[in-house]
Structure formats: structure tokens, C-alpha cells
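First comes the structure, then the notes that go with it.
Residue numbers (my numbering): 290 to 392.
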């Protein structure tokens, strides 16, 4: 039973890792789009904030405002745009440390 639980944990980790990796790539693309879109704004910090919020505002604009009208939708967008990419970075670091320990 313990081996089966370990297999499920590994499968769940790898599934979450792949989903987080996809979200990481999409967030980097959104930051790039936001950078090019707001590159010539002269707002200083305002431009930086607009670039950082591009993963959320860009998705809301892309869907024509259909997504992003409720608090729950914004929370889900924050999780997908920021929390999962952070998880991907930490998981990648964890995997590198584990691999170093095995050698």
C-alpha cells in the first residue's frame, strides 16, 4: 500500500510540475508582451506595474471581458499567472538538489 501511495504522490507531483511549467512559459510570454506593449510609456513605476499585471489584464482583454468579472476568477488568474510559475521554479530547484544528492 505504501508503494502505491508513493506512486500516486510522484504522479501528482509530475502532473503539477508539467502544468506549472506550462503556466510558467505562458507567464513569461505575457511579461514579454507586456514589456513590448508598455515599453515606451513614460509613467516610470506605473509602467512597471502595468507590465507585471499583464498576465491578468491581458487574459481579461483577450476574452473580451468575459473572464475576470468576479473575484474568484481573478484569484484563479493570480494562481495560474503567479503561484504556479513560482511552484515550478521551486520544484525545479528541488529536483536539481535531489539529483545532486543521488550522484
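Beta carbons: idealized from backbone N, C-alpha and C, even for Gly. The model shown is predicted, which means the values in this text are computed figures rather than measured ones.
DSSP state of residue 391, grouped into three classes?
Under the three-state reduction of DSSP output, residue 391 falls in the helix class.
Taking C-beta to C-beta, are residue 322 and residue 347 nearer than 8 angstroms?
For the 8 angstroms CB-CB criterion, residue 322 and residue 347 form a contact.
Entirely enclosed alpha helix (DSSP H) segments - the region 312–380, minimum 4 residues:
Fully enclosed alpha helix (DSSP H) runs of 4 or longer: 334–341, 343–351 and 360–367.
Within 8 angstroms of any Cβ in chain D, is that where the Cβ of residue 367 sits?
The displayed structure is made up of one protein chain only, and chain D is not part of it.
Return yes when the Cβ of residue 377 is within less than 8 angstroms of the Cβ of residue 310, no when it is not.
Cβ distance < 8 angstroms, so residue 310 and residue 377 count as in contact.
Would you mind working out which of 353, 383 and 340 sits nearest residue 318, comparing C-alpha positions?
With distances taken between CA atoms, residue 318 lies nearest to 340 out of 353, 383 and 340.
Assigned exposure category for residue 369 - 16 Cβ within 10 Å defines buried
So residue 369 ends up on the buried side.
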